[in-house]
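Undergrad:
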Amino acid sequence: MKFFIDTHAHLNEQSLYSKREEIINNAIKENVKRIFCVGYDIESSKRAIEISNKFEIVYAIIGIHPNSIDEIDKIGEIEELLENEKVIGIGEIGLDFYWNKFSEDKQIEAFKKQLEIAQHYQLPVILHLRDVKNSFKAFEIALDILKEYNLKSVVFHSFSANEEIAQKILDRNYYISFSGMILYKNPHIQNALKITKLKNVFFETDSPYLVPPSLKGEINQPKNVKFVYQKASEILNISIDEVIEKTFYNVDRCFNLKEREMKHLFEWVYDNERITEDLTDEEAKEFYRNLEKKIESYYNQGFLISEIKREILKT
Numbered sequence: 007m008k009f010f011i012d013t014h015a016h017l018n019e020q021s022l023y024s025k026r027e028e029i030i031n032n033a034i035k036e037n038v039k040r041i042f043c044v045g046y047d048i049e050s051s052k053r054a055i056e057i058s059n060k061f062e063i064v065y066a067i068i069g070i071h072p073n074s075i076d077e078i079d080k081i082g083e084i085e086e087l088l089e090n091e092k093v094i095g096i097g098e099i100g101l102d103f104y105w106n107k108f109s110e111d112k113q114i115e116a117f118k119k120q121l122e123i124a125q126h127y128q129l130p131v132i133l134h135l136r137d138v139k140n141s142f143k144a145f146e147i148a149l150d151i152l153k154e155y156n157l158k159s160v161v162f163h164s165f166s167a168n169e170e171i172a173q174k175i176l177d178r179n180y181y182i183s184f185s186g187m188i189l190y191k192n193p194h195i196q197n198a199l200k201i202t203k204l205k206n207v208f209f210e211t212d213s214p215y216l217v218p219p220s221l222k223g224e225i226n227q228p229k230n231v232k233f234v235y236q237k238a239s240e241i242l243n244i245s246i247d248e249v250i251e252k253t254f255y256n257v258d259r260c261f262n263l264k265e266r267e268m269k270h271l272f273e274w275v276y277d278n279e280r281i282t283e284d285l286t287d288e289e290a291k292e293f294y295r296n297l298e299k300k301i302e303s304y305y306n307q308g309f310l311i312s313e314i315k316r317e318i319l320k321t
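Going by my numbering, the residue at position 98 of the sequence shown is 104; the numbering climbs one at a time, nothing skipped.
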């Protein structure tokens, strides 16, 4: 079963938000099974949660982007939003030395404040790091700052550096998310993907940005993550099935997806007596003995919670 996960999309950005239902349905038709909707300020973080609560395949990641840190004095609002069960990470946060909307010191201060929250709640952090051409200063500074924190996991979103930086990230057991940038003619990014051998790697669209070259003129959306998977398969010279299997494992490990979803499923099963009401006691015992393996099998095929529930009710 071929399925995809878009680990970074801005369904909360206006060009997608106004058509979010259509865009999510487009993704579902292309077998996209999870979409992580990422905030960049307080309002977009709230919209990310709103969308995740409405659509099963969407999870929310919330935080204040380095170009929006004039809101950092309201960071308590982000912390309050963490109570929602669909929030799975803090992001996108980091350093942006390309636009330089704020001084380096202010960006670092805001970055550290959000790392402290991620550390306290033991949530993954999703990093935005952008430099001027041929410089990796933001990456080097971020890697140095990260040494000060005991974080659950760290994701370098839309990786834009080189092989050397990629190796430093992997040496720390951090994660790298490759975007549609691997579809462009950038040998450094493609070579960085090669050296990972898919260790701690997953893929994203960063939609509505980074439109695949073959779709120039269109608005990028999560359904197009399949092109990133396909290109990764070509670059690494392995089957797309292997890419899917390994990256799904990486996403699950980074964000604890299986633990979150399994907990919900088992609570539903044990609260739903009608599932076993027509079974004998022995049949019911056998059903529960096999349940965990059955749920795990469906999960590993990318099934959503609602799809697994339907399969269980058929048995």
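Think of the CB as a built atom: it goes at the ideal place given N, C-alpha and C, for glycine as much as any other residue.
Which residues does DSSP list as the beta-bridge partners of A144?
TA: Beta-bridge pairing links A144 to no other residue.
Undergrad: For the candidate residues Y215, S220, E115, L199, whose alpha-carbon lies nearest to that of F208?
TA: L199
Undergrad: Using only alpha-carbon positions, find the residue among I114, Y255, Y65, T202 that is nearest to G95.
TA: Measuring from the Cα of G95, the nearest candidate turns out to be Y65.
Undergrad: In three-state terms, what does DSSP make of D284?
TA: coil
Undergrad: With a Cβ-Cβ cutoff of 7 Å, do V275 and D12 count as a contact?
TA: no
Undergrad: Inspect the beta-carbon positions of G69 and G100 and report whether they are closer than 7 Å.
TA: no
Undergrad: Taking one C-beta from the region 49 to 62 and one from the region 262 to 279 each time, how about it: are there three or more such pairs within less than 8 Å?
TA: No: fewer than three Cβ pairs fall under 8 Å.
Undergrad: Go ahead and label D47 buried or exposed: buried means 16 or more other beta carbons lie within 10 angstroms of its beta carbon, across all protein chains shown.
TA: Flag for D47 reads buried.
Undergrad: Return the chain-ordered ranges of every alpha helix (DSSP H) run that is complete within the region 31 to 106 and spans a minimum of 4 residues.
TA: 48 to 60, 81 to 87
Undergrad: Express the C-alpha separation of K60 and V44 in angstroms, rounding to a whole number.
TA: 15 Å
Undergrad: Count the other CB atoms, across all protein chains shown, that sit within 10 Å of the CB of H126; report buried if there are 16 or more and exposed otherwise.
TA: exposed
Undergrad: Along the chain, where does the beta strand (DSSP E) that runs through L135 open and close?
TA: 131 to 136
Undergrad: Contact defined as beta carbons within less than 8 Å: I believe I132 pairs with I67. What is the distance between those atoms, to the nearest angstrom?
TA: By a beta-carbon distance limit of 8 Å, I132 contacts I67. Their separation comes to about 6 Å.
Undergrad: The beta strand (DSSP E) with H14 in it runs from where to where?
TA: Segment 10 to 15, the beta strand (DSSP E) holding H14.
Undergrad: Following the continuous beta strand (DSSP E) through S183, name the residue where it begins and the one where it ends.
TA: Residues 181 to 184.
Undergrad: Hey, P130 and S159: beta-carbon distance below 7 Å or not?
TA: yes
Undergrad: How far does the alpha helix (DSSP H) with V275 in it reach, from first residue to last?
TA: 263 to 277
Undergrad: Pull the bridge partners of S213 from the DSSP assignment, please.
TA: In the DSSP output, where bridge partners are listed per residue, S213 has A15.
Undergrad: Assuming F165 is part of the alpha helix (DSSP H), what are its boundary residues?
TA: Boundaries cannot be given for F165, as no alpha helix (DSSP H) includes it and DSSP labels it neither H nor E.
Undergrad: Under a three-way DSSP split, which group does F208 fall into?
TA: strand
Undergrad: Please determine whether the Cβ atom of L176 lies at a distance below 6 Å from any heavy atom of the ligand FMN.
TA: In terms of ligand content, the structure shown is empty, and the ligand FMN therefore cannot be addressed.
Undergrad: Check whether the Cβ atoms of A167 and F145 sit closer than 7 Å, and answer yes or no.
TA: yes
Undergrad: Taking just the CA atoms, how far does D284 sit from N18?
TA: 45 Å
Undergrad: Compute the distance between the beta-carbons of P219 and L189, then report whether it is under 7 Å.
TA: yes
Undergrad: Would N243 be called buried (16 or more neighbouring beta carbons within 10 Å of its own) or exposed?
TA: exposed
Undergrad: Is the beta carbon of K39 less than 7 Å from the beta carbon of G308?
TA: yes
Undergrad: Between the C-alpha atoms of C260 and Y180, what's the straight-line distance to the nearest angstrom?
TA: 9 Å
Undergrad: Assign S74 to buried or exposed, taking buried as 16 or more other Cβ atoms, counted over all protein chains shown, within 10 Å of its Cβ.
TA: buried
Undergrad: Between which residues of its own chain and K252 is the CB-CB distance below 8 Å, once the five residues before and five after are set aside?
TA: Excluding sequence neighbours, K252 sits near L204, V207.
Undergrad: Contact defined as beta carbons within less than 8 Å: I believe V234 pairs with E224. What is the distance between those atoms, to the nearest angstrom?
TA: About 15 Å separates the two Cβ atoms, so there is no contact after all.
Undergrad: At 4 residues or longer, what runs of the alpha helix (DSSP H) sit wholly inside the region 231 to 265?
TA: 231 to 242, 246 to 261
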